[in-house]
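Residue 104 is where the sequence shown starts when you use my numbering, and the numbers rise one by one after that. C-beta atoms are modelled at their ideal positions from N, C-alpha and C, and glycine is treated no differently. Written out below as structure tokens is the structure these notes cover.
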Amino acid sequence: VSTARTSPSDLCITVDASAETGGAYPVWIGAGLTARLPERLRELGEIHRWAIITDETVGALHTRRIASELAQSGFAVELFEFAQGEARKSRETWAQLTDAMAERGIGRDSAVIALGGGVVGDLAGFVAATYMRGLPCVQVPTTLLAMIDSSVGGKTGVDIPAGKNLVGVFRQPQLVLIDPLLLHSLPEAVFRAGLAEAVKHGLVADADYLSAIERETAALLRREPVPLAELIRGSIEIKAAIVAADTTEAGPRASLNFGHTIAHAIETVSDLAIPHGYAVSMGMVAESRIGERLGVTEAGTAERVRVTLQKMALPTTLPDSIPATAVALATRADKKARASRVRYTLLEQPGKVARGMDGTWTFEADPDLVQRVLEESHGHSTLSLDFTDV
Ligand SMILES: NC(=O)c1ccc[n+]([C@@H]2O[C@H](COP(=O)([O-])OP(=O)(O)OC[C@H]3O[C@@H](n4cnc5c(N)ncnc54)[C@H](O)[C@@H]3O)[C@@H](O)[C@H]2O)c1
Ligand SMILES: [Zn+2]
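Here it is as structure tokens:
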């Protein structure tokens with residue numbers, strides 16, 4: 104990973120992804136960068152039209168203004184909005200968007216700009232990857248989660264009733280532009296949900312980064328610009344290094360799935376009512392406990408994970424409305440399942456993922472053990488999940 108500072112405030116991190124998924128691309132980070140979007144877009148070469156994809160909430164807050172600024176700078180833009188929410192990350196929305204793009208004459212000389220959270224990024228990335236066999240894609244993330252995680256790495260796709268992200272492709276964006284000023288309008292619960300993925304980056308790859316987040320929790324929750332900028336830079340560097348080492352998740356990239364086998368099952372069982380970051384928070388505690396029971400994860404890790412997440416007011420136990428049995432059953436749809444045995448990415452200790460004796464990066468856990476761990480976590484929740492304001 105190479106990080107360069109070109110102006111006192113702007114950073115550029117290059118992601119060296121494999122050529123087969125789209126090759127290397129820059130991630131720009133800087134407060135106020137959206138104002139310089141025109142410059143960055145011109146660097147991408149001859150593109151005649153821009154399909155900007157966003158959800159209605161982000162549309163009203165940011166995208167319509169950014170689109171009209173681009174139009175004033177001479178860009179031919181078409182705006183495509185869909186209703187916000189995880190339930191819209193679907194094949195149906197993909198069909199509506201691609202139909203609308205065809206209707207408005209978006210052709211092979213065009214590119215897509217994904218302007219929104221992880222839902223917009225995954226969906227618009229998938230539209231860009233598939234429409235007319237693939238258009239270039241620019242990611243402009245607007246949630247903390249999208250800034251530190253989903254906009255980088257090229258995983259695109261949609262949810263289907265059987266599970267999360269089960270239809271999609273790996274395809275890298277051409278450019279990622281991160282403007283932390285866009286976070287000012289983010290609801291509190293959505294902001295916190297993003298912190299869960301930062302904790303994940305620390306847990307799987309960097310103990311120092313994890314300690315820094317733990318130290319700075321209060322300042323981060325106040326969204327102080329300096330610690331927030333450090334958080335974004337740290338997470339992108341970790342993610343970029345992992346993606347460069349393994350673009351299509353055959354090996355070490357599996358570490359980014361820590362907490363996610365359980366998280367995806369919780370999201371599915373809740374009918375996508377529980378936000379992704381909240382589910383990841385619960386999933387990381389449960390999977391740390393599973394790791395400890397299997398003797399893979401250092402004792403005491405699960406408690407540290409729980410305390411760290413609780414300080415961020417993130418949920419660490421299953422809400423009573425979500426039955427442990429249903430979650431255990433839903434883990435079977437996980438993409439890491441082999442011959443229908445569910446496999447987990449586990450920690451060795453905070454800052455390091457465990458590697459199995461067989462050289463793989465995932466471990467099989469007995470379904471009964473998984474269910475027991477989930478059941479134990481019931482009834483201890485003192486937190487309100489308050490995801491209704493997400
Ligand atoms: N591709 C990947 O590698 C990857 C990694 C992590 C998560 N994900 C996916 O990301 C999704 C979750 O992303 P998310 O948490 O960003 O959800 P989201 O996109 O649904 O955004 C959450 C809410 O915040 C609103 N919002 C977005 N930006 C805003 C802003 N600046 N101001 C005010 N409101 C704003 C949205 O309208 C939405 O209501 C999940 O589908 C998850 O599977 C993908
Ligand atoms: Zn995630």
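Report task. Quick one: which unbroken alpha helix (DSSP H) runs of 4-plus residues sit fully inside the region 415-486? Chain order, please. Result -> 427-433, 470-479
Requested in this report: Please state if the CB of residue 228 and the CB of residue 240 are separated by a distance shorter than 7 angstroms.
Outcome: Position 137 of the sequence shown holds residue 240. Position 125 of the sequence shown holds residue 228. Closer than 7 angstroms, so yes.
Query raised in the report: Run through DSSP, which three-state label would residue 399 get?
Result: Here residue 399 refers to the residue found at position 296 when the sequence shown is read from its first residue. Residue state, collapsed to three classes: coil.
Requested in this report: Count the other C-beta atoms from every protein chain shown that fall within 10 angstroms of the C-beta of residue 358, then say buried if there are 16 or more, exposed otherwise.
Outcome: The sequence position of residue 358 within the sequence shown is 255, counting from 1. Buried, because 16 or more other Cβ atoms sit within 10 Å of the Cβ of residue 358.
**Report entry** Spatial distance of residue 269 from residue 321 (CA atoms)
**Finding:** By 1-based counting over the sequence shown, the position of residue 269 is 166. By 1-based counting over the sequence shown, the position of residue 321 is 218. Taking the straight line from one Cα to the other gives about 36 angstroms.
Report task. Give a single yes or no on whether residue 383 has its beta carbon closer than 6 angstroms to a heavy atom of ligand 2. Result -> Walking along the sequence shown from the start, residue 383 turns up at place 280. Within the cutoff, so yes.
Query raised in the report: Who are the near neighbours of residue 181 in its chain, counting only those whose CB is closer than 8 angstroms to its CB and skipping five residues on each side?
Result: Residue numbering aside, residue 181 sits at position 78 when the sequence shown is read from its first letter. Counting only Cβ-Cβ distances below 8 angstroms, and skipping sequence neighbours, we find 152, 153, 154, 155, 204, 207, 209.
Query raised in the report: Hey, residue 236 and residue 259 are a contact pair by Cβ (cut 8 angstroms); roughly how many whole angstroms apart?
Result: Here residue 236 refers to the residue found at position 133 when the sequence shown is read from its first residue. Here residue 259 refers to the residue found at position 156 when the sequence shown is read from its first residue. That belief does not hold up - the Cβ atoms of residue 236 and residue 259 are roughly 14 angstroms apart, past 8 angstroms.
Query - Simplified DSSP state of residue 342, which is helix, strand or coil - result: The residue you call residue 342 lines up with position 239 of the sequence shown. Of the three classes helix, strand and coil, the one that applies to residue 342 here is helix, per DSSP.
Query - Proximity winner among 388, 292, 405, 187, relative to residue 161 (alpha-carbon distances) - result: Counting from 1 along the sequence shown, the entry for residue 161 is found at position 58. By alpha-carbon distance to residue 161, the top candidate from 388, 292, 405, 187 is 187.
**Report entry** Residue interval of the beta strand (DSSP E) (run including residue 242)
**Finding:** Here residue 242 is taken as the residue at index 139 of the sequence shown, counted from 1. Residues 240-244.
Query raised in the report: Does DSSP put residue 303 in a helix, in a strand, or in coil?
Result: Reading the sequence shown from its first residue, position 200 is the one you call residue 303. If DSSP states are grouped into helix, strand and coil, residue 303 belongs with the helices.
**Report entry** Through-space distance from residue 344 to residue 118, alpha-carbon basis
**Finding:** As a first step, residue 118 is located in the sequence shown; it is residue number 15 there, counting from the start. As a first step, residue 344 is located in the sequence shown; it is residue number 241 there, counting from the start. Distance between the alpha carbons of residue 118 and residue 344: 7 angstroms.
Query raised in the report: Going by C-alpha distance, which of 212, 184, 250 is nearest residue 116?
Result: Along the sequence shown, one-based indexing puts residue 116 at 13. Of the candidates 212, 184, 250, the one whose C-alpha sits nearest the C-alpha of residue 116 is 250.
Requested in this report: Look at the alpha carbon of residue 405 and the alpha carbon of residue 385, and state the distance between them as a whole number of angstroms.
Outcome: Residue 405 sits at position 302 when you count from the first residue of the sequence shown. Residue 385 sits at position 282 when you count from the first residue of the sequence shown. Rounded to whole angstroms, residue 405 to residue 385 spans 11 angstroms at the Cα level.
Query raised in the report: Between residue 433 and ligand 1, is the CB less than 6 angstroms from at least one heavy atom?
Result: For the purposes of this step, residue 433 is identified with residue 330 of the sequence shown, where counting begins at 1. Taking non-hydrogen atoms of ligand 1 into account, the C-beta of residue 433 is found less than 6 angstroms away from none of them.
Requested in this report: State the Cα-Cα distance for the pair residue 431 and residue 150, rounded to the nearest angstrom.
Outcome: Locating residue 431 in the sequence shown gives position 328, where the first residue counts as 1. Locating residue 150 in the sequence shown gives position 47, where the first residue counts as 1. Going by the C-alpha atoms only, they are around 47 angstroms apart.
Query - Proximity test, residue 405 beta-carbon vs ligand 1 heavy atom, cut-off 6 angstroms - result: By 1-based counting over the sequence shown, the position of residue 405 is 302. Because no heavy atom of ligand 1 lies under 6 angstroms away, the Cβ of residue 405 does not count as near it: no.
Requested in this report: List the whole-angstrom C-beta distance separating residue 436 from residue 221, where the pair is believed to meet the contact cut-off of C-beta under 8 angstroms.
Outcome: Start at 1 with the first residue of the sequence shown, and residue 436 comes out as number 333. Start at 1 with the first residue of the sequence shown, and residue 221 comes out as number 118. A Cβ-Cβ distance of about 19 angstroms is found for the pair residue 436 and residue 221, leaving them out of contact under the 8 angstroms criterion.
**Report entry** Residue closest to residue 103, alpha-carbon to alpha-carbon, out of 315, 223, 348, 347
**Finding:** The chain is shown only over 104 to 493; residue 103 falls outside these bounds and no answer can be derived.
Requested in this report: With hydrogens ignored, establish whether the beta-carbon of residue 222 is closer than 6 angstroms to any heavy atom of ligand 1.
Outcome: Indexing the sequence shown from 1 puts residue 222 at position 119. At least one heavy atom of ligand 1 is nearer than 6 angstroms to the Cβ of residue 222, so yes.
Report task. Would you please state the rounded distance, in angstroms, between the beta carbons of residue 360 and residue 448? I believe it to be under 8 angstroms. Result -> Taking the sequence shown and counting its residues from 1, one reaches residue 360 at position 257. Taking the sequence shown and counting its residues from 1, one reaches residue 448 at position 345. Rounded, the Cβ-Cβ distance is 5 angstroms, consistent with contact.
Requested in this report: Might you give, ordered along the chain, the residues of its own chain that have their beta carbon closer than 6 angstroms to the beta carbon of residue 401, omitting 5 neighbours on each side?
Outcome: Against the sequence shown, residue 401 aligns to sequence position 298. Cβ within range, chain order: 452.
Query raised in the report: Looking only at its own chain, which residues have a Cβ that is under 7 angstroms from the Cβ of residue 373, when we skip the five neighbours before and after it?
Result: As a working note, residue 373 is residue 270 in the sequence shown. Contacts found: 425.
Query - Residue environment, residue 287, which counts as buried when at least 16 other CB atoms sit within 10 Å - result: Taking the sequence shown and counting its residues from 1, the one referred to as residue 287 is at position 184. So residue 287 ends up on the exposed side.
**Report entry** Cβ-heavy atom distance, residue 364 to ligand 1, below 6 angstroms
**Finding:** Taking the sequence shown and counting its residues from 1, one reaches residue 364 at position 261. Not so, every heavy atom of ligand 1 lies at least 6 angstroms from the Cβ.
Query raised in the report: Roughly how many angstroms lie between the CA atoms of residue 303 and residue 413, to the nearest whole one?
Result: Here residue 303 is taken as the residue at index 200 of the sequence shown, counted from 1. Here residue 413 is taken as the residue at index 310 of the sequence shown, counted from 1. Going by the C-alpha atoms only, they are around 14 angstroms apart.
**Report entry** Buried/exposed call for residue 420, threshold 16 Cβ in 10 Å
**Finding:** The count along the sequence shown starts at 1 and reaches residue 420 at position 317. Label assigned to residue 420: buried.
**Report entry** Cutoff 6 angstroms; reference residue 141; Cβ partners in own chain excluding five residues on either side
**Finding:** Within the sequence shown, the letter at position 38 stands for residue 141. Only 176 meet the Cβ criterion.
Query raised in the report: Considering residue 349, what are the terminal residues of the beta strand (DSSP E) in which it resides?
Result: Taking the sequence shown and counting its residues from 1, one reaches residue 349 at position 246. No beta strand (DSSP E) holds residue 349; DSSP gives it neither H nor E.
Query raised in the report: Closer than 6 angstroms: is that where the CB of residue 266 sits relative to any heavy atom of ligand 1?
Result: In the sequence shown, the residue the question calls residue 266 occupies position 163. Flag unset: Cβ of residue 266 not near ligand 1.
Query raised in the report: Quick one: what does DSSP say residue 335 is sitting in, helix, strand or coil?
Result: In the sequence shown, residue 335 corresponds to position 232, counting from 1. Helix at residue 335.
Query - Residues that DSSP places opposite residue 152 in a beta bridge - result: Taking the sequence shown and counting its residues from 1, the one referred to as residue 152 is at position 49. Answer by DSSP bridge pairing, in chain order: 213.
Requested in this report: Output the boundary residues of the beta strand (DSSP E) element that contains residue 260.
Outcome: Indexing the sequence shown from 1 puts residue 260 at position 157. Start and end: 258-263.
Query - Host alpha helix (DSSP H) of residue 195 (start-end) - result: In the sequence shown, the residue the question calls residue 195 occupies position 92. Where residue 195 is concerned, the enclosing alpha helix (DSSP H) stretches over 194-206.
Query raised in the report: Cβ-heavy atom distance between residue 270 and ligand 1 below 6 angstroms?
Result: In the sequence shown, the residue the question calls residue 270 occupies position 167. The answer is no for residue 270.
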